[in-house]
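A.B. asks: Before I ask anything, let me first share the structure, which is written out below as structure tokens.
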Amino acid sequence: MSFVAVPSTEPARGDDGGHRKRTRNRARHRKGPKRGSFWRELPILVITALVLTVLIQTFLARVYLIPSASMEQTLHGCTGCTNDRVLVDKVSYNFSDPEPGDVVVFRGPESWVDSAEFSSTEPDNVLLRGLQEAASLIGLAPPDERDFVKRVIAVGGQTVECCDERNRVVVDGEPLVEPYIYLADGRPQADFAPVTVPEGNLWMMGDNRNNSADSRSHVADLRNGTIPIENVIGEARLIVLPPSRWGGIEDPNPQRLQPVALGRGHR
Numbered sequence: 043m044s045f046v047a048v049p050s051t052e053p054a055r056g057d058d059g060g061h062r063k064r065t066r067n068r069a070r071h072r073k074g075p076k077r078g079s080f081w082r083e084l085p086i087l088v089i090t091a092l093v094l095t096v097l098i099q100t101f102l103a104r105v106y107l108i109p110s111a112s113m114e115q116t117l118h119g120c121t122g123c124t125n126d127r128v129l130v131d132k133v134s135y136n137f138s139d140p141e142p143g144d145v146v147v148f149r150g151p152e153s154w155v156d157s158a159e160f161s162s163t164e165p166d167n168v169l170l171r172g173l174q175e176a177a178s179l180i181g182l183a184p185p186d187e188r189d190f191v192k193r194v195i196a197v198g199g200q201t202v203e204c205c206d207e208r209n210r211v212v213v214d215g216e217p218l219v220e221p222y223i224y225l226a227d228g229r230p231q232a233d234f235a236p237v238t239v240p241e242g243n244l245w246m247m248g249d250n251r252n253n254s255a256d257s258r259s260h261v262a263d264l265r266n267g268t269i270p271i272e273n274v275i276g277e278a279r280l281i282v283l284p285p286s287r288w289g290g291i292e293d294p295n296p297q298r299l300q301p302v303a304l305g306r307g308h309r
């Protein structure tokens with residue numbers, strides 16, 4: 043008679059401790075990688091956040107730092123002060139054109155750039171230049187010197203001039219009601235001859251009428267000082283910084299406002 047040896051499934055006597063030890067080692071081995079998982083995932087999280095930021099800033103909205111005083115007192119921007127940071131909506135103008143009263147950021151034509159109200163010094167160092175561009179995306183550094191912020195006063199086909207006997211801008215023979223303008227030291231705004239805005243273009247002016255290099259400063263160029271609608275980046279909707287200035291940016295249409303709504307002094 044022959045016998046076949048069958049391996050026992052029971053742990054050998056005295057081997058329970060070793061079995062438990064091996065089990066704990068395997069458990070620790072399985073848990074071990076989790077200790078460093080955060081640091082391995084961190085670069086992915088950072089890259090994802092950067093990609094989302096770039097996509098949002100490119101296609102939806104972007105924060106801009108106001109670099110000059112041309113839009114005082116609607117928007118604050120001056121040397122040595124806490125400049126406003128504004129959120130610019132890049133979506134709305136995909137479905138409609140800018141209207142009178144809108145405060146917009148736009149890419150300045152060459153004649154505007156050559157006589158820019160401000161300059162953003164671009165570092166020679168590639169790394170510093172990249173950091174400045176990244177900071178400008180969230181409004182922590184001045185934008186490109188080609189970008190301007192002004193208010194739309196007249197659109198294509200309209201004729202704009204200044205001023206009537208009460209020092210008001212006139213569009214198509216009708217004086218505008220502009221509650222947002224700021225006349226430093228009470229000085230009247232400067233006269234300019236009638237300009238007919240070409241179709242597809244906009245006549246832009248700063249709210250700080252005596253301290254703004256706007257369409258009036260470029261009437262001798264090819265577009266009579268106007269800018270193409272295609273140059274518009276978006277509409278400034280909200281002041282996001284500093285906290286004390288947080289709030290929406292008013293954009294009343296000066297061609298539709300009625301003087302009586304502002305009181306007798308404006309009739």
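Residue numbering for the sequence shown is 43 to 309, as defined by this note's numbering.
C-beta: ideal position from N, C-alpha, C; glycine also.
Since the model is a prediction, treat every value here as computed from it, not as a measurement.
1. Would DSSP call residue 279 helix, strand or coil?
2. Need the endpoints of the beta strand (DSSP E) that residue 92 sits in, please.
3. Straight-line CA distance for residue 91 to residue 99?
4. By a C-beta neighbour count over all protein chains shown, 10 Å radius and 16 as the cutoff for buried, is residue 86 buried or exposed?
5. Have a look at residue 74 and residue 116 and give me their C-alpha separation to the nearest angstrom.
6. Around the Cβ of residue 89, are there at least 16 other Cβ atoms within 10 angstroms (buried) or fewer (exposed)?
7. Any idea which residues DSSP pairs residue 234 with across the strands?
8. Assign residue 81 to buried or exposed, taking buried as 16 or more other Cβ atoms, counted over all protein chains shown, within 10 Å of its Cβ.
9. By Cβ distance, which residues of its chain are closer than 6 Å to residue 128, with the 5 residues on each side in sequence left out?
10. Identify the residues that DSSP records as bridge partners of residue 246: which are they?
11. State whether the stretch 131 to 146 contacts the stretch 290 to 299, with contact taken as three or more CB pairs (one from each stretch) at a distance under 8 Å.
C.D. replies: In short, the structure shows the following:
1. The residue given as residue 279 occupies position 237 in the sequence shown. Judged by DSSP in its simplified three-state form, residue 279 adopts strand.
2. Taking the sequence shown and counting its residues from 1, one reaches residue 92 at position 50. Where residue 92 is concerned, there is no enclosing beta strand (DSSP E), although the alpha helix (DSSP H) it sits in stretches over 79 to 101.
3. Indexing the sequence shown from 1 puts residue 91 at position 49. Indexing the sequence shown from 1 puts residue 99 at position 57. If you take the alpha carbons of residue 91 and residue 99, they lie about 12 Å apart.
4. By one-based count along the sequence shown, residue 86 stands at place 44. Exposed, since its Cβ has fewer than 16 Cβ neighbours within 10 Å.
5. What you label residue 74 is simply residue 32 of the sequence shown in a count that begins at 1. What you label residue 116 is simply residue 74 of the sequence shown in a count that begins at 1. With a pLDDT of only 49 at residue 74, under 50, the local geometry of the prediction cannot be trusted, and the value read off the model is given with reservation. Their Cα atoms are separated by approximately 58 Å.
6. As a first step, residue 89 must be located in the sequence shown, where it is residue number 47. The residue in question, residue 89, is exposed, as its Cβ has fewer than 16 Cβ neighbours within 10 Å.
7. Position 192 of the sequence shown holds residue 234. DSSP lists 204 as partners of residue 234.
8. For the purposes of this step, residue 81 is identified with residue 39 of the sequence shown, where counting begins at 1. In this structure residue 81 is exposed. Its beta-carbon is surrounded by fewer than 16 other beta-carbon atoms within 10 angstroms.
9. Indexing the sequence shown from 1 puts residue 128 at position 86. Exclusion of the five residues before and after residue 128 leaves 106, 278, 281 as the residues of its chain whose Cβ lies within less than 6 Å of its Cβ.
10. Stepping through the sequence shown from its first residue, residue 246 is reached at position 204. In DSSP, residue 246 forms a bridge with 194.
11. Between the stretch 131 to 146 and the stretch 290 to 299, the count of C-beta pairs closer than 8 Å reaches three or more; the two stretches touch.
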